[in-house]
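Letter 285 of the sequence shown, counting from 1, is numbered 1768 in our numbering, and no numbers are missing.
Single-structure report; data block below.
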Amino acid sequence: MYRTLFVPVDGSALSARALPVAAAIARRTGARIQLALVHDPSAYIPFVPGEVAIPVFDQDLVQSQRERDAEVLAATVAHLRAQGLTADGVVLEGTVVEALEEFSQRQAVDLTIMTTHGRSGFERLRVGSVASAFLTRATAPVYLVRGSGDATPEDAAPLPTGPLLCALDGSPFSEAMLPHAQAFAAAVGVPLLLVGVTVPHAIPMAPFGAEALLADDSALRAEEAGRDDYLSRIAATLPAGTERVCVTDMSVARALVELAETRKVGAIALATHGRGGFKRFMLGSVTDEVIRHATTPVLVYRPTEGA
């Protein structure tokens, strides 16, 4: 069961969408809510125009902003405590992602809850995302709540009521997510739905060249049967009520997103390799695609090496 829930905030309505979710989980589990707001002095350093832009450190401006950050955080903590919850807050110094990562590891948090815009393509690469960057470093599971710029805390999505969709591909890597999925499902009171996606194989139709392909039906049927057997074995080790479903699609991410909609799941649980930067953008990632396109929250876990 959860002991410490970590919620990064920045004073915006977007980040505040994570608060009601954290509060609801804390009520069910008795967990402490740890808030953190990062004060980055470099964000308030103006540049004097000229032939060469020169940064000017304004001590008064930086101190004033830090005081405002502390006031926002204190008000948020007080609001949670007024609801009878155990909550603490801390203002961190430094760059946002690095400060959050270091603090969360020191606190040994059980679950991080934060919002994401779900941007895609070059906009995401250019604008960046604290949630996306944090995922490449987090050692504990992260529950991503989809938000929008005009959202308010009152608009926050409630806790999942539908099953927690757990994507499995037969590898120990994907299975490393299961203990965290079980803990989350138990905390919010939803069943598990194990999902395996089979991608059809294709064989070249010689002598027509590589562009002419033919689906290998026999291999597809064998793989579908093997995947169903695999999910059955995994389901037998999990709590009663765990369901399983196998789907076939050329795109794993698309299959998961569509199944989440048709089955009305409450959230999607995935393991991620946590690639970052251009490598992630160029190679792509099932987790990344799901985060960008799913309308449900996503529970993400990055297994450490050897997991």
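Every residue gets a Cβ at the ideal spot worked out from N, C-alpha and C, and that includes glycine.
Anticipated Cβ contact below 8 Å, residue i with residue j, distance rounded
i, j, result
"V1613", "V1579", "6 Å"
"L1647", "V1748", "7 Å"
"G1577", "V1521", "7 Å"
"A1736", "V1773", "5 Å"
"T1755", "L1618", "6 Å"
"V1555", "G1494", "4 Å"
"A1670", "I1508", "6 Å"
"R1515", "T1569", "4 Å"
Within 8 Å, strictly: CB atoms of residue i and residue j
i, j, result
"L1677", "C1649", "yes"
"Q1517", "V1592", "yes"
"R1500", "T1598", "yes"
"F1489", "S1587", "yes"
"R1589", "P1780", "no"
"A1777", "A1743", "yes"
"M1660", "L1721", "no"
"D1573", "A1519", "The residue asked about is misnamed: residue 1573 is Val in this sequence, not Asp. Yes, the Cβ-Cβ distance between V1573 and A1519 is below 8 Å."
For residue i, the first and last residue of its enclosing beta strand (DSSP E)
i, result
"T1473", "Past the edges of the chain, shown from 1484 to 1790, lies residue 1473, and the structure says nothing about it."
"G1709", "Run containing G1709: none in the beta strand (DSSP E); it sits in the alpha helix (DSSP H), 1700 to 1718."
"L1642", "From DSSP, L1642 is part of no beta strand (DSSP E); its letter is neither H nor E."
"R1515", "1515 to 1522"
"A1570", "1570 to 1576"
"P1491", "1487 to 1491"
"V1613", "Premise fails: V1613 lies in the alpha helix (DSSP H), 1613 to 1618, not in any beta strand (DSSP E)."
"A1750", "1750 to 1754"
Rounded straight-line distance, which links the Cα of residue j to that of residue i
i, j, result
"D1652", "D1552", "44 Å"
"L1766", "E1550", "Because L1766 sits at a pLDDT of 37, beneath the cut-off of 50, its placement in the model cannot be relied upon, and the following sentence gives the value as read from the coordinates. Looking at the two C-alpha atoms, the distance is approximately 42 Å."
"R1486", "A1723", "25 Å"
"I1751", "L1739", "8 Å"
"G1645", "S1654", "26 Å"
"A1506", "A1719", "32 Å"
"V1728", "M1484", "27 Å"
"D1571", "V1504", "16 Å"
"H1663", "V1680", "21 Å"
"T1731", "A1582", "42 Å"
"A1702", "P1683", "8 Å"
"T1725", "P1524", "49 Å"
"A1557", "R1785", "31 Å"
"P1641", "D1711", "32 Å"
"R1620", "T1595", "12 Å"
"S1547", "P1491", "21 Å"
"L1608", "S1498", "In this prediction, L1608 scores a pLDDT of 36, lower than 50, which makes its location untrustworthy; the coordinate-derived value is nonetheless stated afterwards. Distance between the alpha carbons of L1608 and S1498 is about 20 Å."
"L1502", "E1741", "28 Å"
"L1714", "A1496", "40 Å"
Neighbour flag for residue i against chain D, beta carbons, 8 Å
i, result
"R1589", "The structure shown contains no chain D; it holds only a single protein chain."
N- and C-terminal bounds of the alpha helix (DSSP H) containing residue i
i, result
"V1740", "1735 to 1745"
"V1504", "1501 to 1512"
"R1589", "1579 to 1590"
"A1668", "1661 to 1671"
"S1657", "1655 to 1658"
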